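FYI, the numbering for the sequence shown is -22 to -1, 1 to 553, going by mature numbering (1 follows the signal peptide of the UniProt record, and there is no 0). Below is one structure, written out as structure tokens; comments come after it.
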Amino acid sequence: MSMLRPITLYPLLLLVLGRAAAAPPASVPLVATSPPPPPSSASPTRAPAAWPNKPKFVQAELQNVHSLASGPFLQLIKFALGNQVMTGVFDTGSSDVVSPVTDSILCKDALQQCDSNAASKFVAGSFDPGMASAREIGVPYNHSFGQEAGVTGRYFETMAKVGDGEVSLQVAAINGGKLRRQEFLFSIFGVGPIQGEDSQPREYLNLPAKMKSAGITTSNVFSVWTNDFRTGNGTVVFGGVDLAKFEGDKLKFLPLERTTDGSLPAFVTQMSSVRFKLAKTKAKRSGTVSARNNKNLHPDSKKKADAEANKKVSNNGNAQKANQGNAAVSDNLVPNGGFALFETATSGMSLPKPALEAVAKMLNTSITKEGDLGLTDCGLINRESMLIFGFDNDRAMINVPLDTLSLPRQFLNGTDKCQLFIGTDENELSILGAAFLQNVYVTFDMDRQAMHVAQAKVNVTESNVKEFKLQEHVEEPVFDDDKNKGGKGEKKKGKNPDDGTQNQRDKKSQSQEDNQDGVEENNIKSFSALNEEQDDNQGVLKQIGRGEWRGGNSYAGSANIIRRPRVVKKALRYR
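So, in structure tokens, the structure goes:
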């Protein structure tokens, strides 16, 4: 969601959930695996014609980064503007492609990574509009990080290439402003909804939409396989889906939710449940190195930790929901439901405070004053213990093993404890970042204003990429009459019944209803109806999100676990 990805360096428990990134020193490898080959350096003059027999999808590699300087769970992508190759943060939480201008004040800053003079010894690249034969379009770019920092620039039209896909694209070239201290400079490769663009109120077709418009893809979708950060890189497929990268035959349909003002600036969906499954495994230490900061260690003994691991799990004192074999599963930790943002450029994960307090209790730890989950015994962090997320009244379930959320040892400053990269803040919108996304395959679909998800397969080498087709690759959604989150109304398939939604529409203002084209356009219909109603220009529909709007859910930056470099100009609220 931010335009730059600077990041504060990582002392013990300064857990910054990756809204920016510093590059590592030369002695620290940037990526876990070898980087992909760069895009072609040929300077394009026009968008290439679509090949008649070529499948209409574009695949590119996502570089998974763990390093002390850049922080954990950072995802990078190589792309080219004109003939200039650069590396940027892959971001589903913002919508613009943004790059610093060559030789600008930003590229002369001590924290720049534009060229070989970078203090980090990592060259992310920069953009020279003249060398790219770019055309300035007369739209300013302004992005604030709060009172202390911000950047400015202009929008240009140039050729943009990722993988083997190339389109003429509007990009933001930044050449002025001030960076935060100790925050290194990266380009941003934003692929979020167009209403999240910083050019608002003027909108333009961003990269996924432009690929469809240019005929390179047949749909405004892209599929993300994050993979396990500990073992390899991930992939993104524009216009397609990799059938070998997820469990089952089809993905689950999750409608996106609009804000209270009717906009759709982010990939937010209904989160109906979070449960905690604790395997009955004895706690054990992972090493004998003494902690440098003893005040952060939990004082309880190993004996108490063992007892805690084997006793019944509770939800703030409530009885456990069930025992499953050798594990106990909690009740729903978010009984009133909520909303969740899927965002690749956030490193960790935030949950509502009551849910995180319950997780801390089950792990025999506490929440730090910064809002982070505290240190815990490493024996409790394994693949059998997990968080279980439910979306859309639990019709889509994702298992998140705790070991995939664990901070790598190099970030814990010598302690023999472990720590999960989970936190909370004062805002109720849950943010599910790269650590979470290791476990879910997601197709982001702006043609239907939806996300399609399934449990991801990790560390697989097989690939079976196909053009995305809704009927072939996604289960047709089922809807409830009861729209209360977690409710169990009568299940109906293909069409959202009027009786279950009209009461919710009545709660909207009359002015909002006057702007709607009718009830039927706001219902989720069968897949065939969805395909027929696509907007030919932008590949989007009228509002099709659903769920009871709840007041008080917003995000506008945070002072603790989600340390966002930017301050959102207008808080996004979901009620």
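Positions of the beta carbon are idealized from the N, C-alpha and C atoms, including for glycine. These numbers were taken from a predicted model, which means no experiment stands behind them.
Worksheet entry | Span of the beta strand (DSSP E) around residue 589 | What is shown of the chain runs -22 to 553, which leaves residue 589 out entirely.
Discussion item. For the alpha helix (DSSP H) containing F389, name the first residue and the last one.
Written reply: Careful: F389 lies outside any alpha helix (DSSP H) and carries neither H nor E.
Worksheet item: For F369, which three-state DSSP category applies?
Response: strand
Practice prompt. Look at the Cβ atom of F254, then the Cβ atom of L410, and state whether they are nearer than 8 angstroms.
Written response: no
Item to complete: Please name the residue, chosen from Q37, F414, A244, K190, that lies closest to G174 on a Cα-to-Cα basis.
Response: A244
Discussion item. Give me, in chain order, the residues of the same chain whose beta-carbon lies closer than 6 angstroms to that of V202; leave out the 5 immediate sequence neighbours on both sides.
Written reply: V214, V420
Worksheet item: Where do the N-terminal and C-terminal ends of the alpha helix (DSSP H) with V36 fall, by residue?
Response: From DSSP, V36 is part of no alpha helix (DSSP H) but of the beta strand (DSSP E) over 36 to 45.
Item to complete: On a CA-only basis, which of A110, G217, G240 is nearest F422? Give me that one, please.
Response: G217
Item to complete: Note down, in chain order, each residue of its chain lying with its Cβ closer than 6 angstroms to the Cβ of S191, except the 5 sequence neighbours on either side.
Response: L183
Discussion item. Using 8 angstroms as the threshold, is the C-beta distance between E406 and P330 below it?
Written reply: yes
Worksheet item: Does D74 come within less than 8 angstroms of chain D when only Cβ atoms are used?
Response: Within the model displayed, chain D is absent; a lone protein chain is all it includes.
Worksheet item: Looking only at its own chain, which residues have a Cβ that is under 7 angstroms from the Cβ of L59, when we skip the five neighbours before and after it?
Response: S77, F105, A110, T136, A138, V149
Worksheet item: At which residues does the alpha helix (DSSP H) containing E335 begin and terminate?
Response: 331 to 340
Practice prompt. Determine the direct distance from the alpha carbon of Q416 to that of L380, and round the result to whole angstroms.
Written response: 12 angstroms
Worksheet item: How is F414 classed by DSSP in three states: helix, strand or coil?
Response: helix
Discussion item. Measuring alpha carbon to alpha carbon, tell me which residue in A428, T393, E225 is nearest M375.
Written reply: E225
Worksheet item: Where does S(-21) sit, in a helix, a strand or coil, going by DSSP?
Response: At S(-21) the pLDDT is 41, less than 50, meaning the model places this residue with poor confidence; the figure from the coordinates comes in the next sentence. Coil at S(-21), not helix or strand.
Item to complete: Tell me whether M189 sits in a helix, a strand or coil according to DSSP, three-state version.
Response: helix
Practice prompt. Pull up the DSSP beta-bridge partners for M364, would you.
Written response: K255, P379
Discussion item. Rounding to the nearest angstrom, what Cα-Cα distance links G131 and P455 in this structure?
Written reply: 43 angstroms
Worksheet entry | Cβ distance (whole Å) where A434 is taken to contact P233 below 8 angstroms | Actually they do not touch by this definition, with Cβ atoms about 21 angstroms apart.
Worksheet item: What is the rounded straight-line gap between the Cα of S441 and the Cα of Q37?
Response: 11 angstroms
Worksheet item: Anyone know if the C-beta pair for F164 and V246 falls short of 8 angstroms?
Response: no
Worksheet item: Since P50 sits in a beta bridge, which residues does DSSP pair it with?
Response: Answer is none; P50 lacks a bridge partner.
Worksheet entry | Reduced DSSP category for G315 - H, G, I as helix; E, B as strand; rest coil | coil
Item to complete: Evaluate N95 with the Cβ neighbour count: other Cβ atoms within 10 Å of its Cβ, from every protein chain shown; 16 or more gives buried, anything less gives exposed.
Response: exposed
Worksheet item: Which residue or residues does DSSP assign as beta-bridge partners of V145?
Response: A138
Discussion item. Is the separation between the beta-carbon of G352 and that of F51 shorter than 8 angstroms?
Written reply: no
Worksheet item: Helix, strand or coil: how does DSSP classify A222 here?
Response: helix
Item to complete: Ignore the nearest five residues each way along the sequence and tell me which others in K339's own chain have a CB closer than 6 angstroms to its CB.
Response: none
Fill in: Terminal residues of the beta strand (DSSP E) in which K230 lies
230 to 233
Worksheet entry | Close-in-space but distant-in-sequence residues of the same chain around D87 (CB under 8 angstroms, 5 per side omitted) | L157, L163
Worksheet item: Where does E445 sit, in a helix, a strand or coil, going by DSSP?
Response: strand
Worksheet item: Looking at V378 and F414, is the spacing between their C-beta atoms short of 8 angstroms?
Response: yes
Discussion item. Using the three-state DSSP reduction, which class does G357 fall into: helix, strand or coil?
Written reply: helix
Worksheet item: Quick one: is P22 buried, meaning 16 or more other Cβ sit within 10 Å of its Cβ, or exposed?
Response: Low confidence applies to P22: its pLDDT is 43, below 50, so where it sits in the model is not reliable, and the reading given next is rough at best. Under this definition P22 is a buried residue.
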